[in-house]
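Participant:
Number of protein chains: 2
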Amino acid sequence: MTGEIELTPTSYIVLGLLSFSGPATPYDLKQMVTATVGHFWSLPHSQLYAEPTRLARAGYVTENQEKSGRRRKLYTLTEPGRDAFNEWLSTLTPELYMLRDLALLKLFFGADIGELAAVQLETHRKRLDEYETLHTLMAGQKGPAGPRLSLELGIRHERETVNFWAEQAHPGKKKPAPRPPRASPRSG
Amino acid sequence: MTGEIELTPTSYIVLGLLSFSGPATPYDLKQMVTATVGHFWSLPHSQLYAEPTRLARAGYVTENQEKSGRRRKLYTLTEPGRDAFNEWLSTLTPELYMLRDLALLKLFFGADIGELAAVQLETHRKRLDEYETLHTLMAGQKGPAGPRLSLELGIRHERETVNFWAEQAHPGKKKPAPRPPRASPRSG
DNA sequence: AACATATCATCCGAAACAGATCATTGTCAA
DNA sequence: TTGACAATGATCTGTTTCGGATGATATGTT
Numbered sequence: 557m558t559g560e561i562e563l564t565p566t567s568y569i570v571l572g573l574l575s576f577s578g579p580a581t582p583y584d585l586k587q588m589v590t591a592t593v594g595h596f597w598s599l600p601h602s603q604l605y606a607e608p609t610r611l612a613r614a615g616y617v618t619e620n621q622e623k624s625g626r627r628r629k630l631y632t633l634t635e636p637g638r639d640a641f642n643e644w645l646s647t648l649t650p651e652l653y654m655l656r657d658l659a660l661l662k663l664f665f666g667a668d669i670g671e672l673a674a675v676q677l678e679t680h681r682k683r684l685d686e687y688e689t690l691h692t693l694m695a696g697q698k699g700p701a702g703p704r705l706s707l708e709l710g711i712r713h714e715r716e717t718v719n720f721w722a723e724q725a726h727p728g729k730k731k732p733a734p735r736p737p738r739a740s741p742r743s744g
Numbered sequence: 557m558t559g560e561i562e563l564t565p566t567s568y569i570v571l572g573l574l575s576f577s578g579p580a581t582p583y584d585l586k587q588m589v590t591a592t593v594g595h596f597w598s599l600p601h602s603q604l605y606a607e608p609t610r611l612a613r614a615g616y617v618t619e620n621q622e623k624s625g626r627r628r629k630l631y632t633l634t635e636p637g638r639d640a641f642n643e644w645l646s647t648l649t650p651e652l653y654m655l656r657d658l659a660l661l662k663l664f665f666g667a668d669i670g671e672l673a674a675v676q677l678e679t680h681r682k683r684l685d686e687y688e689t690l691h692t693l694m695a696g697q698k699g700p701a702g703p704r705l706s707l708e709l710g711i712r713h714e715r716e717t718v719n720f721w722a723e724q725a726h727p728g729k730k731k732p733a734p735r736p737p738r739a740s741p742r743s744g
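Which chain is which? The protein sequence lines are A and B, in order. Each residue of the first sequence is one higher than the last, beginning at 557 in our numbering. Each residue of the second sequence is one higher than the last, beginning at 557 in our numbering.
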């Protein structure tokens, strides 16, 4: 049965979440996504209804529908599903990330830097706060390192972004000018 | 005529590039995209044939096709097009960027950190180099600040990313552990 | 019961996507 | 000069994805 369809990142998100949580409904998945990977991989919730159906067709999950009421569908990872997920996990990914930043686009095309910076600064600060709160929460508990580490990279990105917009918003503070960034101190 | 269609980020990229360059063919646009915004906003080249057609339908650009040979279509920004673009430019964007990082996804789900890091480190280093080369090139010439600034944010992101993966690849160097990132070291 | 408000599930048209394919032009060797 | 082949440029096509709209159930309140 298995293997008729092409597995996309969305597929692996579903498979991965199912492997963490056990059987779940699309709505459960939606909750999980917004709580976890949604921060760095957004997708419309309708996908979380469509995708498991696709996966079921190909045998990566099984589908059990309630007979009455909301007729929820409960999805369970199958062995082939778990295998496919694990194989994906252990496969190299030389690809780079894809960034889509509306603000950057406007900056590029010459939008007013001050205004742009003010707004961006505020929202990014907010998000940075959220992330850091979340991080301190996670620091307490034990568990796999993955979620914490990915959060840490998110925090670093946000921090750089905040710094950047802050410099644009208040030019000539601290670092006198937004000069050509040179090579990195450590990390060599 | 104007205003029948919804303008998407892709639309604004086309309008914006046309406003920089003057009349251009889809192929010209494709070249411009890969040279500029492509770095932080990728799109399939076929869109650069489809999108101008859409825009022409709604009156934001005009279309002139060669009578023979390749029958190129030359697109020119109209006044409504320029207006729409300028309005977009001067509109606030509280939205955050959208990041889609396959490596981060795998990290989250528990992939082997060492392998992941080694590969990512290499590709990100390469990209960082490209960006820095480009930046020194741009530093020489005059022109609007937007392109240079957006490149600078790109460089910062890449640098953080390189640092992050480097730490994962060689744990216990310099920074003893990948500890909860606290306030930013430099550049703050 | 009647109503308001969450919660949950599905649908749908419009775009985006990725890539294949097709058509023109340039080039160089026979 | 022609014919082969590569490079360039344009278009087409089938699938997914997007992002709401819509509608149905459940829960709580009076």
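The beta carbon of each residue, even a glycine, is placed where N, CA and C say it ideally should be.
Tell me B/Arg-631's beta-bridge partners as DSSP assigns them.
Facilitator: Correcting the residue type first, residue 631 of chain B is Tyr in the shown sequence and not Arg. Assignment of beta-bridge partners to B/Tyr-631 by DSSP yields B/Ala-580, B/Glu-619.
Participant: Just tell me which of B/Thr-581, B/Arg-683, B/Ile-569 has its CA closest to the CA of B/Glu-622.
Facilitator: B/Thr-581
Participant: When you compare each of B/Ala-725, B/Pro-636, B/Gly-702 to B/Ala-674 by their alpha carbons, which one comes out closest?
Facilitator: Taking only the C-alpha atoms, the option nearest B/Ala-674 is B/Ala-725.
Participant: Determine the closest residue to A/His-680 out of A/Leu-585, A/Val-718, A/Lys-586, with distance taken between C-alpha atoms.
Facilitator: A/Val-718
Participant: Whole angstroms is fine: what's the gap from B/Leu-658's alpha carbon to B/Ser-624's?
Facilitator: 45 Å
Participant: For a contact defined as C-beta to C-beta under 9 Å, what are the partners of A/Pro-582 on chain B?
Facilitator: Near A/Pro-582 there are no residues of chain B at all, since even the closest Cβ is about 19 Å away, more than 9 Å.
Participant: With 9 Å set as the bound, which would you pick, yes or no: does the beta-carbon of A/Gln-724 sit closer than that to a beta-carbon of chain B?
Facilitator: Taking 9 Å as the CB threshold, A/Gln-724 lines the interface with chain B.
Participant: Might you give, ordered along the chain, the residues of its own chain that have their beta carbon closer than 7 Å to the beta carbon of A/Leu-677, omitting 5 neighbours on each side?
Facilitator: Val-718, Trp-721, Ala-722, Ala-725
Participant: Hey, is A/Gly-710 close to the ligand HEM, as in C-beta under 8 Å from one of its heavy atoms?
Facilitator: By its list of ligands, the structure shown contains no ligand whatsoever, and the ligand HEM lies outside what it can speak to.
Participant: On the premise that A/Gly-637 lies in contact with A/Ala-611, defined as a C-beta separation below 8 Å, what is that separation, rounded to the nearest angstrom?
Facilitator: Per the sequence shown, the amino acid found at residue 611 of chain A is Leu instead of Ala. Between A/Gly-637 and A/Leu-611 the Cβ distance is about 7 Å, and since that is below 8 Å, they are a contact.
Participant: Return the chain-ordered list of same chain residues with a C-beta closer than 7 Å to the C-beta of B/Arg-627, the five sequence neighbours on each side being excluded.
Facilitator: Gln-621
Participant: Using beta-carbon positions only, say whether B/Leu-540 and A/Met-654 come within less than 9 Å of one another.
Facilitator: Given a span of 557 to 744 for chain B in the structure shown, any question on residue 540 of chain B remains unanswerable.
Participant: Is the segment 589–608 of chain A in contact with the segment 643–653 of chain B, if contact means three or more CB pairs nearer than 8 Å?
Facilitator: no
Participant: Out of B/Asp-639, B/Ile-569, B/Leu-574, B/Leu-693, which has the shortest C-alpha to C-alpha gap to B/Glu-619?
Facilitator: B/Leu-574
Participant: Using a cut-off of 9 Å between C-beta atoms, extract the partners of A/His-601 located in chain B.
Facilitator: Result: empty, since nearest Cβ-Cβ is about 16 Å, beyond 9 Å.
Participant: With distances taken Cα to Cα, identify the nearest neighbour of A/Arg-715 among A/Leu-652, A/Pro-700, A/Tyr-687, A/Lys-698.
Facilitator: A/Tyr-687
Participant: Please name the residue or residues paired with A/Leu-574 in a DSSP beta bridge.
Facilitator: DSSP, once it has assigned bridges, lists no residue as partnering A/Leu-574.
Participant: Relative to the C-alpha of A/Leu-683, which candidate in A/Tyr-631, A/Gly-572, A/Thr-692, A/Gly-710 has its C-alpha closest?
Facilitator: First, the residue type needs correcting, since residue 683 of chain A is Arg and not Leu in the sequence shown. The shortest Cα separation from A/Arg-683 among A/Tyr-631, A/Gly-572, A/Thr-692, A/Gly-710 belongs to A/Gly-710.
Participant: Out of A/Ile-569, A/Tyr-631, A/Leu-599, A/Lys-586, point me to the one whose CA is closest to B/Phe-665's CA.
Facilitator: Nearest option by C-alpha distance: A/Ile-569.
Participant: Find the nearest neighbour of A/Pro-600 within the set A/Thr-609, A/Pro-608, A/Lys-586, A/Glu-562, judged by alpha-carbon distance.
Facilitator: A/Lys-586
Participant: Could you tell me how far apart the beta carbons of B/Phe-641 and B/Leu-571 are, in whole angstroms, since I believe they sit closer than 8 Å?
Facilitator: In this structure B/Phe-641 is in contact with B/Leu-571, their Cβ atoms being roughly 4 Å apart against a cut-off of 8 Å.
Participant: Is there at least one Cβ from chain B nearer than 9 Å to A/Tyr-631's Cβ?
Facilitator: no
Participant: So what does B/Leu-655 bridge to, in DSSP terms?
Facilitator: A/Leu-655
Participant: Here's the rule: buried if 16 or more other CB atoms are within 10 angstroms of the residue's CB, otherwise exposed. What is A/Gly-702?
Facilitator: So A/Gly-702 ends up on the buried side.
Participant: Using the C-alpha atoms, what's the distance from A/Ala-606 back to A/Gly-615?
Facilitator: 15 Å
Participant: Take B/Trp-597 as the anchor and find which of B/Pro-565, B/Asp-584, B/Glu-635 has the nearest alpha-carbon.
Facilitator: It is B/Pro-565 whose Cα lies nearest to the Cα of B/Trp-597.
Participant: Starting from A/Lys-662, find everything on chain B with Cβ-Cβ shorter than 7 Å and list it in chain order.
Facilitator: Leu-645, Thr-649
Participant: If you run the structure through DSSP and keep just helix, strand and coil, what is A/Glu-516?
Facilitator: Within the shown structure, residues of chain A are numbered from 557 to 744, placing residue 516 of chain A beyond reach of any answer.
Participant: Give a yes or no on whether the minimum CB-CB distance between A/Asp-639 and chain B is below 9 Å.
Facilitator: no
Participant: At a Cβ threshold of 9 Å, is A/Asp-685 touching chain B?
Facilitator: no
Participant: Go through its chain and collect everything with a Cβ distance to A/Met-694's Cβ below 8 Å, but skip five positions before and after it.
Facilitator: Pro-703, Arg-704, Leu-707
Participant: For A/Val-617 versus A/Leu-604, is the C-beta distance shorter than 9 Å?
Facilitator: no
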